[in-house]
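Visitor: Below is a structure I'd like to ask you about.
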Amino acid sequence: MMWAPVAVALLIGACSAAAQPRITAETLTADAPCNASVTIDLQKRKAISPVLFGIFFEEIGHAGDGGLYAELVQDRSFDALAAATGFLDSPATRKPLDLATLAARHHHAMLPLHMPWDSNGRSYSSKREYLEERRRNTSYDPRNDIIVAWQPLPGTTAVLTKEQPLNEHNLVSMELTAGTGPHSGLLNFGYWGLYVQAGHNYTASLYMRNPDEQPKNVTLSLVGEHGATLYGTLTFSGVEGGWRKYTAELASTATDANARLLLQFDGPGKLVVDSVSLFPSENVAAGSGMLNPWPFRADLLDALKALQPAFMRFPGGCYIEGDWMRNAFRWKAALGHNEQRPGHMNGVWGYWSTDGLGLFEYMLLAEELATEPIWVINNGVAHGDSVRTADVWPLVEEALDSLEFISGPPDSQWGGVRAAMGHPEPWTINYMAIGNEDCGKPSYLTNYLLFFGAIRARYPHMRLISNCDMGPDAPTDLWDWHIYTNPTDMFKRRNEFNGKTPQNSHHIFASEYAVTDGGGWGNVAAAVSEAAFMTGMERNGDIVTLGAYAPLFVHWNNRPWPTNMIVIDNSRWFGIPSYYVQQMFSRARGSHYLDTTVATDPGSQVHQESVAASATCGSPACDRINIKIINFSSMQQRVAVVLTGEGSDAVLGEGELVYLWSDHPEAENSFDTPTKIAPATATMDGLSSKFVLPAKPWSVNVLQLHLGPAPSSAAITLQADVSAGVGSGMDGAAAS
Ligand code: AHR
Numbered sequence: 000m001m002w003a004p005v006a007v008a009l010l011i012g013a014c015s016a017a018a019q020p021r022i023t024a025e026t027l028t029a030d031a032p033c034n035a036s037v038t039i040d041l042q043k044r045k046a047i048s049p050v051l052f053g054i055f056f057e058e059i060g061h062a063g064d065g066g067l068y069a070e071l072v073q074d075r076s077f078d079a080l081a082a083a084t085g086f087l088d089s090p091a092t093r094k095p096l097d098l099a100t101l102a103a104r105h106h107h108a109m110l111p112l113h114m115p116w117d118s119n120g121r122s123y124s125s126k127r128e129y130l131e132e133r134r135r136n137t138s139y140d141p142r143n144d145i146i147v148a149w150q151p152l153p154g155t156t157a158v159l160t161k162e163q164p165l166n167e168h169n170l171v172s173m174e175l176t177a178g179t180g181p182h183s184g185l186l187n188f189g190y191w192g193l194y195v196q197a198g199h200n201y202t203a204s205l206y207m208r209n210p211d212e213q214p215k216n217v218t219l220s221l222v223g224e225h226g227a228t229l230y231g232t233l234t235f236s237g238v239e240g241g242w243r244k245y246t247a248e249l250a251s252t253a254t255d256a257n258a259r260l261l262l263q264f265d266g267p268g269k270l271v272v273d274s275v276s277l278f279p280s281e282n283v284a285a286g287s288g289m290l291n292p293w294p295f296r297a298d299l300l301d302a303l304k305a306l307q308p309a310f311m312r313f314p315g316g317c318y319i320e321g322d323w324m325r326n327a328f329r330w331k332a333a334l335g336h337n338e339q340r341p342g343h344m345n346g347v348w349g350y351w352s353t354d355g356l357g358l359f360e361y362m363l364l365a366e367e368l369a370t371e372p373i374w375v376i377n378n379g380v381a382h383g384d385s386v387r388t389a390d391v392w393p394l395v396e397e398a399l400d401s402l403e404f405i406s407g408p409p410d411s412q413w414g415g416v417r418a419a420m421g422h423p424e425p426w427t428i429n430y431m432a433i434g435n436e437d438c439g440k441p442s443y444l445t446n447y448l449l450f451f452g453a454i455r456a457r458y459p460h461m462r463l464i465s466n467c468d469m470g471p472d473a474p475t476d477l478w479d480w481h482i483y484t485n486p487t488d489m490f491k492r493r494n495e496f497n498g499k500t501p502q503n504s505h506h507i508f509a510s511e512y513a514v515t516d517g518g519g520w521g522n523v524a525a526a527v528s529e530a531a532f533m534t535g536m537e538r539n540g541d542i543v544t545l546g547a548y549a550p551l552f553v554h555w556n557n558r559p560w561p562t563n564m565i566v567i568d569n570s571r572w573f574g575i576p577s578y579y580v581q582q583m584f585s586r587a588r589g590s591h592y593l594d595t596t597v598a599t600d601p602g603s604q605v606h607q608e609s610v611a612a613s614a615t616c617g618s619p620a621c622d623r624i625n626i627k628i629i630n631f632s633s634m635q636q637r638v639a640v641v642l643t644g645e646g647s648d649a650v651l652g653e654g655e656l657v658y659l660w661s662d663h664p665e666a667e668n669s670f671d672t673p674t675k676i677a678p679a680t681a682t683m684d685g686l687s688s689k690f691v692l693p694a695k696p697w698s699v700n701v702l703q704l705h706l707g708p709a710p711s712s713a714a715i716t717l718q719a720d721v722s723a724g725v726g727s728g729m730d731g732a733a734a735s
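Numbering-wise (numbering that gives the first Met the number 0), the sequence shown opens with residue 0 and increments by one.
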């Protein structure tokens, strides 16, 4: 049996009915043997989590700053520079900058790649040991990773100053002293260039104070890489006196992904600037009614929407732990106007976080994606230090306050802060994770118990997630499970959760899984093995409630992690094959698992450990069945699909097949060929209770079958026969 000889268009999403190719299933006969069989019993079924597949957003690899966050200026408040030069933490009030020397010290080169500390159970006893070795081996200095985003114009003297700060949270500003030339100023190179488009408008805002008597004219321009080509300009005339905010629109006449923002003023004398920001004007318009511009880059938001995630875990990961407690993400420091946010060193991943993405923005994102938020908090444990349980209560209160901020009425203290930021309606939150990968660390368990008790007492509906299954030692609603490994091991791990039941285990949140070893930058073999693993999640979807690939984003110019689902630069993105696997599974979620047995032909040439499968159906009637069949081998496999039990005689002849494959397991997508590996969609006909699915080499196949009304009453009535451990308030509707 061959595929119908029709060129199958590679598609990101569903294609129009007219363009959709047809594949005719071969009837299963005794004289045409198959390599494997998948038997699905429509009567043996169990309720599973209908929200298994979601996303995990972490501020790693410039996922947020320089990524999803739409700010175009890098280091808008000069804090990264202040941190890189040691000025931020020093008692000094002024720091003259020798930016040329600093820029030379700084290397923009990619960091060498490292496997995660827990990869394949390899060599590192702790994440700290892994990170320390990484630093030793690479002369790694987190400060080197901070991009020196600002460059003074020739002759301009640049001094970081803490004198007369803009506000109590934004302590450092930039003092410029004019040289002898007609114009002095600064150039910002954005995140590896600013991306501007011809005919688009950009809203600039900045704070300035003029310490001199003489008013000054200040010009902001969009220019090409070397400053010689002008794309757009505006002038603020007569700048004088103390701090004042200046805002205006810049129109670009050109499209350039490597543009610069140029700030110039006419001398002589000084000008002090801070919080220099540039957003696409459509973001500013979309943020109307809120304190800040709409925070998300439109194309990347669309990339997330296409995943139809059932939930979003955020914002870390190691990011919430911090290399040290002082660098942990703290939500109260990421509130209000952007210029009121001090930002912090993202020490684990080596760059400055503006905190433009704070809890408010993460909740906006969850709302925009219509997804269940899962908020991860630091419970007093960082990589290098921790807070003793006796001293941790303020952090517990911080966690409780965050829940009031999210879900409290506008007349509550923290609900009022949310309302003032532009979102009076409370959000709903049902999940909170207490810490990340911290089991076994000195204070974790005792801190955890304090957090758990306090949150449970005030918010009894909250489902709380621990960093491991602590057994009878500690109560938990779900525990967090992570795996980073190679494709062969990932394929085997489809059996990881077999044997665990709600009776003998707490529910599991597989919040980080990915092939990171032997999968290139994200290749087909890696994606296919992850799909096999995900069939195991579905099989055990009564105990595995939620799961997410990690990490979600990486900027191509800063890759601290080997494989990441969505690769970006400042103007483009592409999904690695794993992105499309996530999309395929997420769009074919089910509320019930149908007993699926895979058998391989012992005489087959194909390695027996190469086929994985699972089948689910969705509520309210089990009349649409999602069958996932994975071929983790280099040979096309004839897979016999047999449906048994009541309803199996009512399989309609036509279904929809979405499939992703390649002859080359090492094949990858790239900016130039972003959808080389992407799902194709076909109508499959000739279906019945027994048919042959020709599974392409290295393929993931998602087939949706329909049960018709005749000849028997085909729909299977579903009952909530097994608790899937899904929280109240969660949308139980399956996507299928
Ligand atoms: O996903 C990258 C990192 O891997 C996460 O920050 C951490 O939780 C894990 O070690």
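Note that beta-carbon positions come from the ideal geometry of N, C-alpha and C, so glycine has one too.
1) Please report the distance separating the alpha-carbon of residue 598 from that of residue 340.
2) Please report how far the alpha carbon of residue 19 lies from the alpha carbon of residue 659, in whole angstroms.
3) Below 8 Å, can you find three or more Cβ-Cβ pairs linking the segment 183-191 to the segment 556-574?
4) Could you please give the first and the last residue of the uninterrupted alpha helix (DSSP H) stretch that includes residue 528?
5) Please list the terminal residues of the continuous alpha helix (DSSP H) segment that includes residue 414.
6) Pull up the distance between the alpha-carbon of residue 155 and that of residue 266, whole angstroms please.
7) Hey, is residue 511 close to the ligand AHR, as in C-beta under 7 Å from one of its heavy atoms?
8) How many angstroms separate the CA atom of residue 158 from the CA atom of residue 172?
9) How about residue 378 and residue 433: do their beta carbons lie closer than 8 Å?
10) How is the alpha helix (DSSP H) around residue 446 delimited, first residue to last?
11) Cα separation between residue 520 and residue 257?
12) For residue 649, which of 672, 628, 707, 677 has the nearest alpha-carbon?
13) Which runs of the beta strand (DSSP E) spanning at least 3 residues fall entirely within the segment 321-395, listed in chain order?
14) When you compare only the Cα positions, how much space is there between residue 453 and residue 395?
15) Rounded to the nearest angstrom, what separates residue 516 and residue 560 at their Cα positions?
16) Please list, in chain order, all residues of the same chain as residue 353 whose beta carbon is under 6 Å from its beta carbon, the five residues on each side excluded.
17) Please confirm whether residue 703 and residue 646 have their CB atoms less than 8 Å apart.
18) Is there at least one non-hydrogen atom of the ligand AHR closer than 7 Å to the beta-carbon of residue 438?
19) On a Cα-Cα basis, can you pick out the residue from 357, 503, 358, 382 that is closest to residue 348?
20) In the DSSP assignment, find the alpha helix (DSSP H) that holds residue 281 and state where it starts and stops.
21) Please determine if the segment 216-229 and the segment 290-309 are in contact, where contact requires at least 3 C-beta pairs separated by less than 8 Å.
22) Between 487, 574, 549, which has its C-alpha nearest residue 531's C-alpha?
23) Shorter than 7 Å, the distance from the beta carbon of residue 316 to the closest heavy atom of the ligand AHR, or not?
24) What distance in whole Å lies between the Cβ atoms of residue 202 and residue 280, which are believed to be in contact at a cut-off of 8 Å?
25) DSSP state of residue 19, grouped into three classes?
26) One question on the structure: do residue 72 and residue 276 come within less than 8 Å of each other, judged by their Cβ atoms?
27) My output table needs one value for residue 298: the three-state DSSP class, helix, strand or coil.
28) Could you give the distance in angstroms between the alpha-carbon of residue 56 and the alpha-carbon of residue 552?
29) Using beta-carbon positions only, say whether residue 375 and residue 443 come within less than 8 Å of one another.
30) Based on the DSSP output, what are the partners of residue 689 in its beta bridges?
31) Return the CA-CA distance between residue 490 and residue 356, expressed in angstroms with no decimal places.
32) Does residue 190 come out as helix, strand or coil in the three-state DSSP assignment?
33) Nearest to residue 210 by CA position, among 153, 556, 675, 239, is which residue?
34) For residue 121, does the count of other Cβ atoms within 10 angstroms reach 16, so buried, or fall short, so exposed?
35) How about residue 191: is its Cβ closer than 7 Å to a heavy atom in the ligand NAP?
36) Rounded to a whole number of angstroms, what is the C-alpha to C-alpha distance between residue 523 and residue 362?
Guide: Straight from the coordinates:
1) Straight-line Cα distance between these residues: approximately 58 Å.
2) 15 Å
3) yes
4) Its alpha helix (DSSP H) spans residues 523-538.
5) 412-419
6) 10 Å
7) Yes, the beta carbon of residue 511 sits closer than 7 Å to at least one heavy atom of the ligand AHR.
8) Each residue's alpha carbon lies about 9 Å from the other.
9) yes
10) That run of the alpha helix (DSSP H) goes 443-457.
11) 24 Å
12) 707
13) 343-345, 350-352, 371-376
14) 7 Å
15) 11 Å
16) 64, 342
17) no
18) no
19) 382
20) 280-285
21) no
22) 487
23) The answer is yes for residue 316.
24) With a Cβ gap of about 5 Å, residue 280 and residue 202 count as contacting.
25) Three-state DSSP puts residue 19 in coil, outside helix and strand.
26) yes
27) helix
28) 8 Å
29) No, they are not a contact pair.
30) 641
31) 35 Å
32) coil
33) Looking at the Cα atoms, 239 is the closest of the given residues.
34) Here residue 121 scores only 39 on pLDDT, less than 50, and its place in the model should not be relied on; the value that follows carries that caveat. When all chains shown are included, residue 121 counts as exposed.
35) Looking for the ligand NAP in the displayed structure turns up nothing; the ligands present are the ligand AHR.
36) 33 Å
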